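Novice:
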Amino acid sequence: EAQVTQNPRYLITVTGKKLTVTCSQNMNHEYMSWYRQDPGLGLRQIYYSMNVEVTDKGDVPEGYKVSRKEKRNFPLILESPSPNQTSLYFCASSPEVFRSDTQYFGPGTRLTVL
Amino acid sequence: GESVGLHLPTLSVQEGDNSIINCAYSNSASDYFIWYKQESGKGPQFIIDIRSNMDKRQGQRVTVLLNKTVKHLSLQIAATQPGDSAVYFCAETWLGFQKLVFGTGTRLLVSP
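As they're listed, the protein sequences go chains S and D.
All the letters of the first sequence, read from the start, carry residue numbers 140 to 253 under my numbering.
All the letters of the second sequence, read from the start, carry residue numbers 223 to 334 under my numbering.
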């Protein structure tokens, strides 16, 4: 089954404790992206990757890092999480960036930073 | 389910009615637009898209209209069903770039 998986689905952590949210897709997609979703603000793009070893900042990259060492994986790293990073996070992938009809979103990760 | 928006504008319709959801986009350089549906506890799901060289595109029960003059996008859902209840987002991007900018969303509530 074609899918994007994220882990963990729910995480409660404390300020400053490094964490990684994993994202994996099994469709050999080149484009992957991370978004955060906050009430009243919709989805905002954090980082995206056009292919292996190619990443770039979205609209809200501060406080986040990503890596794309393999095509299937695109982890989101919070080196020193802060309470303003409490949010719902979505990973997405698509064969090519302008084919939104074949863009898949993961199920979401609810992160709470205390 | 996940709370995607505590203060979203809400459109309430009766089953069988036609629904119109509106979106104002921000970037006059945007030339590709997408509508997504997000059900509670799930990620966004593609509905329909339109490029800026078109002003109307139809899918199954859905139609997207684009007015570039006033930077306005709308999604029309015909014969709305309870299963259409969700939050709907528009998104814009521009050819040659890789960023996708989402609107804040509209909640559609369909009562039987």
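Glycine included, each C-beta is placed from N, C-alpha and C at the ideal position.
As the structure is a computational prediction, the values presented were derived from the model and not from experiment.
#1: Nearest chain S C-beta to D:G173 closer than 7 angstroms, yes or no?
#2: May I ask you to report which of helix, strand or coil DSSP gives D:G305?
#3: Which residues in chain D sit within 7 angstroms of S:M166, going by Cβ to Cβ distance?
#4: Is any heavy atom in the ligand NAP found nearer than 6 angstroms to the beta carbon of S:V143?
#5: Pick helix, strand or coil for D:S225, following the three-state DSSP scheme.
#6: Whole angstroms are fine: how far does the CA of D:Q280 sit from the CA of D:A246?
#7: Label D:Q236 either buried or exposed according to how many other C-beta atoms from any shown protein chain fall within 10 Å of its C-beta, with 16 as the threshold for buried.
#8: Which residue's Cα is closest to the Cα of D:A251: D:P266, D:Q282 and D:K293?
#9: Just list the residues that DSSP pairs D:S234 with in beta bridges.
#10: If we ignore side chains and look at the alpha-carbon of each, how far apart do D:S234 and D:V332 end up?
#11: S:Q184 versus chain D: which residues are under 7 angstroms apart at the beta carbon?
#12: Quick check on S:E140: buried or exposed, where buried means 16 or more other Cβ atoms within 10 Å of its Cβ?
#13: How long is the line joining the alpha carbons of S:L180 and S:N167, rounded to whole angstroms?
#14: Report the neighbours of D:K264 on chain S: residues whose CB is nearer than 9 angstroms to its CB, in chain order.
#15: In whole angstroms, give me the CA-to-CA distance for S:I185 and S:E201.
#16: So is D:V226 buried or exposed if we call it buried at 16+ other beta carbons inside 10 Å?
#17: Report yes if the CB atom of D:Y310 is closer than 7 angstroms to the CB atom of D:K278, and no otherwise.
#18: Identify the continuous beta strand (DSSP E) that holds D:R279 and give its terminal residues.
#19: At the 7 angstroms Cβ level, is S:G202 part of the contact set with chain D, yes or no?
#20: Run the CB neighbour count on D:G325, radius 10 Å, all protein chains shown included, and call it buried at 16 or more, exposed below.
#21: Using a Cβ-Cβ cut-off of 7 angstroms, state whether D:G223 counts as contacting chain S.
#22: Which class does D:D387 belong to by DSSP, given the choice of helix, strand or coil?
Specialist: According to the structure data:
#1: What is shown of chain D runs 223 to 334, which leaves residue 173 of chain D out entirely.
#2: helix
#3: Neighbours of S:M166 on chain D: none; closest Cβ ~14 angstroms, over 7 angstroms.
#4: Ligands are entirely absent from the displayed structure, and the ligand NAP is therefore not among its contents.
#5: Any reading at D:S225 must be qualified, since the residue scores a pLDDT of 41, below 50, and its modelled position is unreliable; the value itself is stated next. DSSP places D:S225 in coil when its eight states are reduced to three.
#6: 19 angstroms
#7: exposed
#8: D:K293
#9: D:L331
#10: 6 angstroms
#11: K321 and L322
#12: exposed
#13: 31 angstroms
#14: F244, P246 and G247
#15: 8 angstroms
#16: Caution is warranted here: a pLDDT of 43 is assigned to D:V226, below 50, making its placement in the model unreliable, and the coordinate value is therefore given only provisionally. It counts as buried.
#17: no
#18: K278 to Q280
#19: The beta carbon of S:G202 sits no closer than 7 angstroms to any beta carbon of chain D.
#20: buried
#21: Only weak support exists for where D:G223 lies, its pLDDT of 36 falling under 50; the value from the coordinates is given anyway. No, D:G223 does not count as interfacial toward chain S.
#22: Chain D is shown from 223 up to 334; residue 387 of chain D falls before or after that span and cannot be answered.
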